[in-house]
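I have placed the structure first, in the form of structure tokens, so that the comments after it can refer back to it.
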Amino acid sequence: MLTLFVVGIMTWTQPQPVAVELDIRDHQHPYIYVEIHFNPSAQYQRTLTMPNWIPGSYKIRDFARHVESFEAHTSEGDTLNHERLRKDSWIVDVVKNQPFSVSYAVFTDEASVRTSLLTHDYALLNPASLLVYDSTSRSKPHQVTVSVPSTWRVAAALPETDRHVFMANSFDQLVDSPMVAGNLQILDFEVQGIPHRWAIAGLAAGDVLAMVPDMQRICSEIYMTFQKAPFDRFVFLSFFAHGARGGLEHSSSTLLGVDTDALLTSEGWNRFLGLIAHEYFHAWNVKAIRDQALTPYQYQTEVYSDLLWFHEGITSYYDQLVPLRAGLISEKASLDTWAKDLTTYFETPGRQVQSLEDASRNAWIHQYQPSSARPNAQVSYYSAGALSGFALDATIRRKSKDKYSLDDLMRHLFNLNRSVSSTDITSWLSDNCGAEAAQFLDQHIKQANELPLMQAIQDLGLRFAEKQEDDHPQQNGFKAPTEFEIEGLIVNETPDACTVTSVLRDTAAWKAGFTAGDVILAFDHIQVVPRKMATVLTARGQNTPTEVCLSRAGQLMTLTADVTPKAKPLSLQKNDSASELQKKRLQSWLTSAVKNKESTNATD
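The numbering of the sequence shown is my numbering, which starts it at 597 and goes up by one.
And the structure:
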């Protein structure tokens, strides 16, 4: 049931705020016009700086490269001298103890959750990519006025003190509070008595109203996992556009990019539920359970964390577990997803080369700037981090004799109400699960040792085995042929070409001499049609070795490669041979936190 989301007109008693004006009325052109009025100080010069990155996305983005027509003026309108000091900074000669203002235009051309964008239809306003600050203004309140076309609305998690006027208690809170504007569709609902809002920009195909009950169930499940919230209201800000994807976490909101057609298919619907779960969970794990190494944020330079495997990986673990616990996806579908993730992990050589701690620390040069060598040399703190959550959860349950789970560790860290480090995790494991469990981080996070996943699978009463054949075979003479492959060859098949993207180390493809960028043209003189490569390999049968014709850097050449039967897909299944304890543990792992609470209340 949809309920009314009331945002009252508030009285603000803070000191004189920094006044920010964002003008997006000319929405036919991709420029956002910014004017900032700074309060007086005892200085003769002020150095104003624009952030180089946005928290939650660990890449230097040099937002200031989009700034044009920078000017500075006194409160009377007189021009002030200024100079661009560095790529991200301007030094302004000001009048001592007098206010001043700066104005500039920001060019926008990237539709993402990390940047700002102005289109004919909507605007994405990420303050980190729009505003300058200095040491004097950073801690001061900021009042933001957004000037929009007459029919547009503005949505944000910040308190709205007047129409399209928002108040932040500091520059940091402002950076943590994106906005969307446009002819928005606004849907209001409650979760555990807390007001929530979903603001939708762009064109969303599909039934968004039908999504709201599913969102409520996702949010309730996460809320009950922690048993309280770090916010008093929450806003989902989303834009729908072709090719849009991803999300970025904030303390009481999230900005989501969603493909226009996402809600038209079951796969897209479930993917969106996972995105909702991931970003909502971040309000606890990242924003409330804060990384000691990242606090406070340093916006101008890289800040190194050893805990992204925990903040992103454990959150990724829950974004798969929560929809299952909430009853929104089937047990089989969930286990199939885990099976694919497990298979990918075991096929990735990088898992034995780079530790999850190292992957976290090197996010700035690896996660957002991948190379073709990535599968051989690196591990993802998202996907492998999620599997570390799977293994850690099972370890906690077994070593505590099922008294505790990963849910309990997450609640403990949240209730600390402070920034955390890996020591806090290890200490809790030692106190509640014993010395052996406390070694989990040293053995599997700090070193490139394989995660104890087979033990975890067994602990949870599951088994990892070949996928069973269809229970309803063909009634005629058809028999599916054996599929063949060149082991270790990773190819991107588009309508135009079959292009090698990576070659896994010490595989048949590696030994044959393939390299990233090769365009595959034929196998044994049989042309490879894009998106039909596997069909050609299967049709030719186990004729090994095969001659491969390819194009490399504009030159035709041939390689000889071994072709082998493709490994049968593996599935994660309930283990009929599991002990009663393991079966009970599996049921606990699958149990909804909401239903568990309801059951507890019923027996009180």
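Where a beta carbon is used, it is the ideal one built from N, C-alpha and C, also for glycine.
Source: prediction; values computed, not measured.
| field | Residue environment, Tyr964, which counts as buried when at least 16 other CB atoms sit within 10 Å | value | For this step, residue 964 is matched to residue 368 along the sequence shown. Flag for Tyr964 reads exposed.
| query | Would Ser725 pass as a contact of Ile650 if the rule is Cβ separation under 9 angstroms? | reply | Within the sequence shown, the letter at position 129 stands for residue 725. Within the sequence shown, the letter at position 54 stands for residue 650. A contact, by the Cβ cut-off of 9 angstroms.
| request: Indicate the three-state DSSP secondary structure (helix, strand or coil) for Ala791 in the structure shown. | output: As a working note, residue 791 is residue 195 in the sequence shown. The displayed chain sequence assigns Pro, not Ala, to residue 791. If DSSP states are grouped into helix, strand and coil, Pro791 belongs with the strands.
| request: Leaving aside the five residues before and after Leu681 along the sequence, list all residues of the same chain whose C-beta is less than 8 angstroms from its C-beta, in chain order. | output: As a working mapping, residue 681 is identified with position 85 in the sequence shown. Once the five neighbours on either side are set aside, the close Cβ partners of Leu681 are Thr643, Ile687.
| How would you label Gln739, buried or exposed, when you count the other beta carbons within 10 angstroms and need 16 or more for buried? | As a working note, residue 739 is residue 143 in the sequence shown. The C-beta of Gln739 has 16 or more other C-beta atoms within 10 Å across all chains shown, which makes the residue buried.
| Cβ neighbour criterion (16 or more within 10 Å) applied to Ser1173 | Stepping through the sequence shown from its first residue, residue 1173 is reached at position 577. The residue in question, Ser1173, is exposed, as its Cβ has fewer than 16 Cβ neighbours within 10 Å.
| query | Residues bridged to Val688 by DSSP? | reply | On the sequence shown, position 92 is the one that residue 688 refers to. Beta-bridge pairing links Val688 to Arg642, His678.
| field | 6 angstroms Cβ shell around Met811 - same chain, five flanking residues per side excluded | value | Indexing the sequence shown from 1 puts residue 811 at position 215. For Met811, where only same-chain residues beyond five positions count, the Cβ hits under 6 angstroms are Ile872.
| Endpoints, the alpha helix (DSSP H) within which Lys995 is located | Here the question's residue 995 lines up with position 399 in the sequence shown. Residues 979–995.
| query | Hey, quick one: how far does the alpha helix (DSSP H) through Ser930 stretch, first residue to last? | reply | Here residue 930 is taken as the residue at index 334 of the sequence shown, counted from 1. From DSSP, the alpha helix (DSSP H) with Ser930 extends over 927–942.
| request: Kindly indicate which residue of Arg921, Val918, Pro971, Asp937 has the alpha-carbon position closest to the one of Thr944. | output: Taking the first residue of the sequence shown as 1, we reach residue 944 at position 348. Checking every option, the nearest Cα to that of Thr944 belongs to Pro971.
| said: Please give the ranges of any beta strand (DSSP E) in the region 705–757, keeping only runs that are unbroken, at least 3 residues long and fully inside the region. | reply: 718–721, 738–743, 749–752
| query | Thinking C-beta only, is Arg993 closer than 9 angstroms to Ser1001? | reply | Numbered from its first residue, the sequence shown carries residue 1001 at position 405. Numbered from its first residue, the sequence shown carries residue 993 at position 397. Yes, they are a contact pair.
| task | Compare the Cα-Cα distances from Thr675 to each of Phe659, Gln639, Ser697, Lys692 and report the closest residue. | result | Numbered from its first residue, the sequence shown carries residue 675 at position 79. Looking at the Cα atoms, Ser697 is the closest of the given residues.
| query | What is the residue span of the beta strand (DSSP E) that Ile1086 lies within? | reply | Position 490 of the sequence shown holds residue 1086. First-last of the beta strand (DSSP E) with Ile1086: 1085–1089.
| task | Can you give me the Cβ contacts of Lys883 inside the same chain, cut-off strictly under 6 angstroms, excluding the 5 residues immediately before and after it? | result | Counting from one through the sequence shown, the residue named residue 883 turns up at place 287. Cβ within range, chain order: Ser847.
| query | How big is the Cα-Cα spacing for Asn1072 and Leu869? | reply | By 1-based counting over the sequence shown, the position of residue 1072 is 476. By 1-based counting over the sequence shown, the position of residue 869 is 273. Distance between the alpha carbons of Asn1072 and Leu869 is about 40 angstroms.
| message | Give me the residue from Val750, Ile885, Leu713 with the minimum Cα distance to Ala837. | response | In the sequence shown, residue 837 corresponds to position 241, counting from 1. For the residues Val750, Ile885, Leu713, the minimum Cα distance to Ala837 belongs to Leu713.
| message | Buried or exposed, going by whether 16 or more other CB atoms sit within 10 Å of the CB of Phe767? | response | Here residue 767 refers to the residue found at position 171 when the sequence shown is read from its first residue. Looking at its Cβ environment, which holds 16 or more other Cβ atoms inside 10 Å, Phe767 is buried.
| Residues bridged to Phe666 (per DSSP) | Indexing the sequence shown from 1 puts residue 666 at position 70. DSSP, once it has assigned bridges, lists no residue as partnering Phe666.
| Closest by C-alpha distance to Val1099, when choosing among Pro1091, Ala1108, Ala1093 | Taking the first residue of the sequence shown as 1, we reach residue 1099 at position 503. Measuring from the Cα of Val1099, the nearest candidate turns out to be Ala1108.
| field | Where the alpha helix (DSSP H) through Arg867 begins and ends | value | If you number the sequence shown from 1, residue 867 lands on position 271. Unbroken alpha helix (DSSP H) run through Arg867: 862–877.
| message | What ranges does the alpha helix (DSSP H) occupy inside the region 1021–1107, keeping only unbroken runs of at least 4 residues that lie completely in it? | response | 1031–1034, 1036–1040, 1049–1055
| Ordered along the chain, which non-local residues of its own chain (more than five positions away) have a Cβ less than 6 angstroms from that of Pro611? | Within the sequence shown, the letter at position 15 stands for residue 611. None.
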